[in-house]
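**Q** Chains as they are written, first to last, in the numbering used here: chain W, 674 to 923; chain X, 674 to 923. Beta carbons: idealized from backbone N, C-alpha and C, even for Gly. If you're wondering where the values come from, they're calculated on a predicted model, not measured in any experiment.
2 protein chains.
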Amino acid sequence: MRADAMRNRRLLLDAAAAEFAEHGMDVSVAQIAVRAGIGKGTVFRHFATKEQLITAIFADQLDDLAAIGEALLRGTGAGAGMGAGEGIDASAEAGAGIGASVQVGAGIGASVQAGAGPAMAARGADALLAFMSAGVEAQVSDRAFCQAAGAIARADPQVRRASQRLAAVAEALTAEARREGSVRDDVTGHDIVLLINAASQATAPLGDTVPGLWRRYLSMMFDGLRPAAAHPLPVPAPEETHFTAAAHRA
Amino acid sequence: MRADAMRNRRLLLDAAAAEFAEHGMDVSVAQIAVRAGIGKGTVFRHFATKEQLITAIFADQLDDLAAIGEALLRGTGAGAGMGAGEGIDASAEAGAGIGASVQVGAGIGASVQAGAGPAMAARGADALLAFMSAGVEAQVSDRAFCQAAGAIARADPQVRRASQRLAAVAEALTAEARREGSVRDDVTGHDIVLLINAASQATAPLGDTVPGLWRRYLSMMFDGLRPAAAHPLPVPAPEETHFTAAAHRA
DNA sequence: GCTTAACCGGACCGGTTGGTCATGTTATGA
DNA sequence: TCATAACATGACCAACCGGTCCGGTTAAGC
Numbered sequence: 674m675r676a677d678a679m680r681n682r683r684l685l686l687d688a689a690a691a692e693f694a695e696h697g698m699d700v701s702v703a704q705i706a707v708r709a710g711i712g713k714g715t716v717f718r719h720f721a722t723k724e725q726l727i728t729a730i731f732a733d734q735l736d737d738l739a740a741i742g743e744a745l746l747r748g749t750g751a752g753a754g755m756g757a758g759e760g761i762d763a764s765a766e767a768g769a770g771i772g773a774s775v776q777v778g779a780g781i782g783a784s785v786q787a788g789a790g791p792a793m794a795a796r797g798a799d800a801l802l803a804f805m806s807a808g809v810e811a812q813v814s815d816r817a818f819c820q821a822a823g824a825i826a827r828a829d830p831q832v833r834r835a836s837q838r839l840a841a842v843a844e845a846l847t848a849e850a851r852r853e854g855s856v857r858d859d860v861t862g863h864d865i866v867l868l869i870n871a872a873s874q875a876t877a878p879l880g881d882t883v884p885g886l887w888r889r890y891l892s893m894m895f896d897g898l899r900p901a902a903a904h905p906l907p908v909p910a911p912e913e914t915h916f917t918a919a920a921h922r923a
Numbered sequence: 674m675r676a677d678a679m680r681n682r683r684l685l686l687d688a689a690a691a692e693f694a695e696h697g698m699d700v701s702v703a704q705i706a707v708r709a710g711i712g713k714g715t716v717f718r719h720f721a722t723k724e725q726l727i728t729a730i731f732a733d734q735l736d737d738l739a740a741i742g743e744a745l746l747r748g749t750g751a752g753a754g755m756g757a758g759e760g761i762d763a764s765a766e767a768g769a770g771i772g773a774s775v776q777v778g779a780g781i782g783a784s785v786q787a788g789a790g791p792a793m794a795a796r797g798a799d800a801l802l803a804f805m806s807a808g809v810e811a812q813v814s815d816r817a818f819c820q821a822a823g824a825i826a827r828a829d830p831q832v833r834r835a836s837q838r839l840a841a842v843a844e845a846l847t848a849e850a851r852r853e854g855s856v857r858d859d860v861t862g863h864d865i866v867l868l869i870n871a872a873s874q875a876t877a878p879l880g881d882t883v884p885g886l887w888r889r890y891l892s893m894m895f896d897g898l899r900p901a902a903a904h905p906l907p908v909p910a911p912e913e914t915h916f917t918a919a920a921h922r923a
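(1) Under 7 angstroms Cβ to Cβ from A877/X, same chain only, skipping five residues before and after it: list those, please.
(2) Using a threshold of 7 angstroms, state whether the C-beta atoms of V809/X and W887/X are closer than that.
(3) Would the region 869 to 884 of chain W count as touching the region 863 to 880 of chain X if we require 3 or more Cβ pairs under 8 angstroms?
(4) Less than 6 angstroms between C-beta atoms, sequence neighbours within five positions excluded: which residues of the same chain meet that for E913/W?
(5) What would DSSP say about E692/W, mapped onto helix, strand or coil?
(6) Between M755/X and chain W, is any beta-carbon pair separated by less than 7 angstroms?
(7) Please state if the CB of V883/X and the CB of H915/W are separated by a distance shorter than 7 angstroms.
(8) Could you work out which residues of chain W lie near L879/X, taking near to mean beta carbons separated by less than 8 angstroms?
(9) Using 10 angstroms around the beta-carbon of I711/W, count the other beta-carbons present and answer buried if the total reaches 16, otherwise exposed.
(10) Is G897/X closer than 7 angstroms to D859/W when the C-beta atoms are compared?
(11) Taking the beta carbon of A828/W as the centre, do at least 16 other beta carbons fall within 10 Å, making it buried, or is it exposed?
(12) Under a three-way DSSP split, which group does P900/X fall into?
(13) Excluding the 5 residues preceding and the 5 following M755/W in the sequence, name in chain order all residues of the same chain whose CB lies nearer than 6 angstroms to its CB.
(14) When the distance is taken between beta carbons, is A845/X closer than 7 angstroms to V866/X?
(15) Let me know if T861/X comes out buried or exposed under the rule of 16 or more other beta-carbons within 10 Å of its beta-carbon.
(16) Ends of the alpha helix (DSSP H) at L886/X?
(17) Taking the alpha carbon of M679/W as the reference point, which residue from H719/W, R852/W and R857/W has its own alpha carbon closest?
(18) What number of angstroms, rounded off, separates the C-alpha of L738/W from the C-alpha of A689/W?
(19) Assuming the contact rule is C-beta atoms closer than 8 angstroms, A835/W and I727/W should be a hit. Round their C-beta distance to whole Å, please.
(20) Any idea if G797/W is buried or exposed, counting beta-carbon neighbours within 10 angstroms, 16 or more meaning buried?
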């Protein structure tokens, strides 16, 4: 690939993401091309169709979030133990876009306050909440895009791979929090993924009139995940097969 | 208004709602006209613009839900006391469309299990959960429409009136549940409206692959509303002014 | 039954969009 | 330095969409 082609591809992806975020899903390809400072034809050289462009951006975003989750997971010491209190920069592995400012182990407030052990016992809960926060934050900054892109691109293999990676890390984080007792037993990684979705859409009617408002609803939902208030759930958790079925249906 | 015009208007509204629900927000007016069995020109005779058509449908849906909420509110005996255990048909006042099957006082499972009194003490919680269920159910059957219609039509006076009526009944139901102690103190009616939104979007990635799945997430969120697991919320509740500001911004 | 005005229908219009193509341009390798 | 192939470009195309309009039709009142 030639050097200028590479540069233009990057310009194109950035411009498209920004344009989608600002003006919704139905910006014209021409508009994107103008913002990127390239010709319209060049857009279709890189991505044969507008849908493929959307798909590529969406897959990138999912991968970024998955990377953040994986960094957080290492911070919990779930796998091999690691030095205590060591700060981890979650954005190290993540792309530049989404959540460059996730604090790990910074005491975001998820720590269970009742219970036996000291605060350290809730590292899993902190990680899980940080993961969800990163996910919601990423979606909130681009609600319409995530919504539409999800509907359009879920069948794309690249998106599906990223999606499964995300599901895996969500499940791992959930398992850790469950094991330490800060999250109810009947919640799964898939639940977490869907709740991220839900929280990001909660404040949609308000647009960005109240910038950080989503934290309020994510907080409420997280309280719903705690064992203290847990009531039996009326419907079992969705399985991976349901997600693949939904993807296949499109 | 002539009889055939009336009939066509009804056909048109039904067809439009169905078409929006099935094929998303960007179905053409022509497509709607075909489904309704009328000419395209007739559509624009009834509604000068596509936006007005969307607005009318949306306002109707909001009103239906508000009516359900008001019926439920009467069932709690919040205002004047009423005979105990009397069955109320919530759909009596509501339009045909949305929630013709809401059970009031049928023990949907919201009853707090701990606490002093017997189950009867949680009538307010039952009503609140039934209200939220009706709201989510209505939106789930037409997710894309509610999403887009909300964004488009929030500035319309008819929609704004319906929206405020909805907010009022949500606040009343919440106040009742709060007073009986089954819901935390820091939750408001506006929170409820936004949570209905959130819950209906939770399962969007799955489409209708798992039909009743939204109940799972509404249940989790409702658990988050209980005092038992309540943690301090990081952001204060939105005020009415924020909603009007958001509406004015469009 | 007849008049009349409201109503219906679908051809039509301006504008926009995703996508193509022939032409001109530039990085690259020998 | 030059040949060449990959690349960029913007004019162009067909399709479609929301909205208009006028000729024909039909319901309503007398």
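**A** The answer reads as follows:
(1) Around A877/X: R816.
(2) Yes, they are a contact pair.
(3) As far as the Cβ criterion goes, the region 869 to 884 of chain W touches the region 863 to 880 of chain X, which means the pair count is three or higher.
(4) So the list is empty, once near-sequence residues are dropped.
(5) The answer is helix: DSSP assigns E692/W an H, G or I state.
(6) Confidence at M755/X is low in this model, with a pLDDT of 40, below 50, so its placement is unreliable and the value that follows should be read with caution. Output row for M755/X: interface = no.
(7) Yes, the Cβ-Cβ distance between H915/W and V883/X is below 7 angstroms.
(8) Residues of chain W whose Cβ lies closer than 8 angstroms to the Cβ of L879/X are, in chain order, L867, P911, H915, F916 and A919.
(9) I711/W is classed as buried because its beta carbon has at least 16 other beta carbons within 10 Å across all chains shown.
(10) It is not a contact, given that the beta carbons lie outside the stated cut-off.
(11) A828/W comes out exposed.
(12) Here P900/X carries a helix assignment [DSSP, helix/strand/coil].
(13) Note that M755/W scores 41 on pLDDT, short of 50, meaning its location in the model is unreliable; the coordinates nonetheless yield the value given after this. Close CB contacts of M755/W within its chain, under the 6 angstroms cut and outside five residues either way in sequence, are absent.
(14) Contact flag unset, no.
(15) By the 10 Å Cβ count, T861/X comes out buried.
(16) No alpha helix (DSSP H) contains L886/X, which DSSP labels as neither H nor E.
(17) It is H719/W whose Cα lies nearest to the Cα of M679/W.
(18) Between L738/W and A689/W, the C-alpha separation is close to 19 angstroms.
(19) 14 angstroms between Cβ atoms; not a contact.
(20) Classification for G797/W: buried.
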